DNA sequence: GTAGGGTTAG
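And the structure:
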């Protein structure tokens, strides 16, 4: 410890702090200069100019330089200007321990009540996953500004609590704090994750009403929201009206078309994207393209673009690109080729890839290969404490169909207790959160009958129909089309859901032979297609 | 002057 301190001190310039500042500035004079924070550090009553942050540096280097400053001025006082940038660096690096030390120093300096320091601390704890601390901290911030509120929304989104983020937004409005571009983007992100189309539309009209500019960030967030909420045409409308687009805007639209089974249009969009000078497709772009090929059964096109990403753009395929390809080949019935691809890929395959191949084996009814694949999944999961058991569900069903009852029973035991999935539905202007997997429902028998009926209707529609989004139809069914103002959200806890919905959540797990954790209810909306009786129930 | 934002395989 002492050695480290000495060596750090020795490595520092012996000249005055102001001199060290200029030497660093000179060194970087060709790039973005160091941010200058006068009063960042003070010794006695004397103020020194101190530059310690260069945003081009790695977060760890920023933290290191901050520590060097602390060593020099260990008897001095800090101003809030010293803390915010280094806490931002801690956020970027998810560096909890340095963050805690800085928190302690902030308290010692009597600056823990400064809103800049508090907001930076909030963001730091949030990016380190310390949600309890975040909520405690937030409660103790007396004068929250729009940045504080947005940081809190971001914390909710990070911890997979999008409905809470929406509530935070509402509280912010109630507190009389005007939302800005940042908070609107966070709210749109919450809508996207919730599948809350109606709320998203409210946000869109809010943007227009308030005359907020359709910046590239807001535009992209809107497009993403409409895609995730199943309203692809609205997404296209916003996308086409965007004056400025960057690679993320294109990627969002491309991926949206892909997951909606509109692969041909996705490929057309990619063509247009290539025509746009100044836009260079990146690896996310190709995840979107390959996903589109897979969802639309475009095998040859998928192969073509998988090669193109390296040959034309020099992008190395990642595990996600391989995942799309394996899914594409598997769905097309090319099991051997898919298996070969997994075995020969230069990066280690993960359970997602094997799982996708296993689903393909199930679809092709290839028990032999399914067993081989299952073995691989077991090997990968061997070391993990909380293993995903969905592969056993597929195996047990395949064994059941093959009449191998002993093996089926064996697999059933392994399935064990599944964690509860959560989902949300938007009814009117409320966002409702509920959980799935409750087997104790007193109406279960009745539900079962109802589900059979729903499944029959699904079959009558044909499998193809199920691939298409039914958002508009569902919106009507759920009574979503009425808009009310000014406060669009109210979260209902301990929600009762209608028998149909409750049962369908279970059924999805059974039918798709996988554990369903619905992050948004888009898929759920599509699945229901207006067939449930939630509207009457409510 | 310092703090907060959008995309990614099943």
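Numbering (UniProt numbering), first residue to last: 1 to 538.
For glycine and all other residues, C-beta sits at the position ideal for the given N, C-alpha and C.
All values reported here derive from a predicted model rather than from experimental measurement.
Continuous alpha helix (DSSP H) stretch holding residue i: start and end
i	result
residue 207	197-209
residue 123	115-127
residue 323	319-331
residue 547	Since the displayed the chain opens at 1 and closes at 538, residue 547 lies outside it and no answer follows.
residue 411	405-415
residue 377	367-381
residue 394	390-401
Residue i, DSSP secondary structure in three states
i	result
residue 63	helix
residue 100	helix
residue 302	helix
residue 108	helix
residue 316	coil
residue 334	coil
residue 347	coil
residue 68	helix
residue 292	helix
residue 95	coil
residue 90	helix
residue 308	helix
residue 286	helix
- alpha helix (DSSP H) segments (min. 4 residues) lying fully within the segment 116-189: Counting only runs of 4 or more, we get 131-139, 146-158, 162-174.
- Would you call the segment 286-303 and the segment 337-354 touching, i.e. three or more CB-CB distances under 8 Å? The segment 286-303 vs the segment 337-354: no contact.
- Are the segment 172-192 and the segment 215-225 in contact at 8 Å, needing three or more beta carbon pairs? Between the segment 172-192 and the segment 215-225, the count of C-beta pairs closer than 8 Å reaches three or more; the two stretches touch.
- Starting from the N-terminal side, write out each stretch of the beta strand (DSSP E) that is 3 residues or longer and does not extend beyond the segment 213-284. The qualifying runs do not exist here; there are none.
- Three-pair Cβ contact test at 8 Å for the segment 93-110 versus the segment 138-151: Output reads no: the segment 138-151 does not touch the segment 93-110.
- Message: Using 8 Å as the cut-off, can you tell me whether the segment 198-213 makes contact with the segment 242-262, which would need three or more C-beta pairs spanning the two stretches below that distance?
- Response: With the cut-off at 8 Å, the segment 198-213 and the segment 242-262 do not touch.
- Cβ pair count under 8 Å reaching 3, the segment 359-372 against the segment 340-349: Contact fails between the segment 359-372 and the segment 340-349, because fewer than three Cβ pairs, one in each stretch, are under 8 Å apart.
- Item | the segment 318-325 / the segment 283-302 touching (three or more Cβ pairs under 8 Å) | Counting Cβ pairs under 8 Å, three or more are found: they touch.
- Query: Within the chosen definition, does the segment 170-177 reach the segment 194-210 through at least 3 CB pairs nearer than 8 Å?
  - Reply: A contact is defined here as three or more CB-CB pairs under 8 Å, and the segment 170-177 fails this definition with respect to the segment 194-210.
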